[in-house]
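Heads up: the structure comes next, in structure tokens.
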Amino acid sequence: MKKYLIAFVLLFTAISGFSQDVKALKTTAEEMYKHSVNKDFEAVTEFIYPKFFEILPKEQMVEGMKQMLEGNDDFKMEITNTPLDIEVGDIKTINNGHYTTLKQNYALKMIFKDVIPKDNSEMFIDMYKKMLNTEDVTFNAKDNSLNIIKRIDYIAIANNLTNNKWRFIGAAQPELMNQILDPEVIKELGL
């Protein structure tokens, strides 16, 4: 009987620890997104996996985000609030670190300076659906904007380099992943 009780306690502890990791991961992803919506790009960089900055310095990343959202003569972009609908993959423990994949929604609003005629809106919608690989693109004639929701893939990492706090890198660029992550991690995550 005692043996079964010990097995139950160990199983419960493992499940409880896993759910706390997933909860912390989702909370961290939500915090990062909130800073993106508020255009607090310095704060966003605190959620990026530190090795990423060996390739692209923080200052350049912040400047790039500002330019993407503010530095265009044809349109302005905003990151908008949306339900993130976060999906977390299996958390893998590799070389004393924790790694997983994460998918979440990312919402953009593109407000065009030149009026898009209503009869051209379908062309714009189709163009952005293809360009951004998403089906969730709508046109709003009132403010001459496209509203876009795209699923974004991340790799979430908690290890000694992050003080065991969840940090992220985009999973859409294999060449960056290969420079930042060990091949074993990439293989274990199925990337």
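Positions -19 to -1, 1 to 172 (mature numbering (1 follows the signal peptide of the UniProt record, and there is no 0)) are the ones given, in order, by the sequence shown.
Virtual Cβ for every residue (Gly too), placed ideally from N, Cα, C.
Distance CB(residue i)-CB(residue j) smaller than 8 Å
i, j, result
"residue 63", "residue 130", "yes"
"residue 30", "residue 138", "yes"
"residue 86", "residue 113", "no"
"residue 166", "residue 80", "yes"
"residue 157", "residue 36", "yes"
"residue 148", "residue 34", "no"
"residue 153", "residue 82", "no"
Contact set for residue i: own chain, Cβ-Cβ below 8 Å, skip 5 residues either direction
i, result
"residue 49", "58"
"residue 155", "172"
Strand pairing of residue i, partner residues [DSSP]
i, result
"residue 68", "84"
"residue 118", "129"
"residue 113", "Answer by DSSP bridge pairing: none, since residue 113 is not bridged."
"residue 59", "90"
"residue 29", "149"
"residue 36", "According to DSSP, which records beta bridges pairwise, residue 36 is partnered with nothing at all."
"residue 78", "75"
Own chain residues within Cβ distance below 7 Å of residue i, not counting five before or after
i, result
"residue 121", "128"
"residue 26", "39, 42, 43"
"residue 100", "none"
"residue 105", "97, 120, 127"
Spatial distance of residue i from residue j (CA atoms)
i, j, result
"residue 95", "residue 55", "7 Å"
"residue 60", "residue 135", "17 Å"
"residue 146", "residue 140", "7 Å"
"residue -7", "residue 70", "Only weak support is given to the placement of residue -7: the predicted model assigns it a pLDDT of 38, under 50, and the value that follows is read from those uncertain coordinates. Roughly 20 Å between the two C-alpha positions."
"residue 22", "residue 164", "30 Å"
"residue 115", "residue 160", "28 Å"
"residue 4", "residue 10", "10 Å"
"residue 170", "residue 91", "34 Å"
"residue 124", "residue 16", "24 Å"
"residue 13", "residue 24", "8 Å"
"residue 77", "residue 111", "40 Å"
"residue 144", "residue 108", "42 Å"
"residue 102", "residue 93", "12 Å"
"residue 8", "residue 53", "32 Å"
"residue 51", "residue 20", "10 Å"
"residue 168", "residue 2", "21 Å"
Sequence-distant residues of its chain with Cβ nearer than 6 Å to residue i (five each side left out)
i, result
"residue 44", "none"
"residue 117", "130"
"residue 88", "61, 63, 130"
Supposed contact pair residue j and residue i - C-beta distance, whole angstroms, cut 8 Å
i, j, result
"residue 68", "residue 47", "Between residue 47 and residue 68 the Cβ distance is about 29 Å, and since that is not below 8 Å, they are no contact."
"residue 32", "residue 142", "7 Å"
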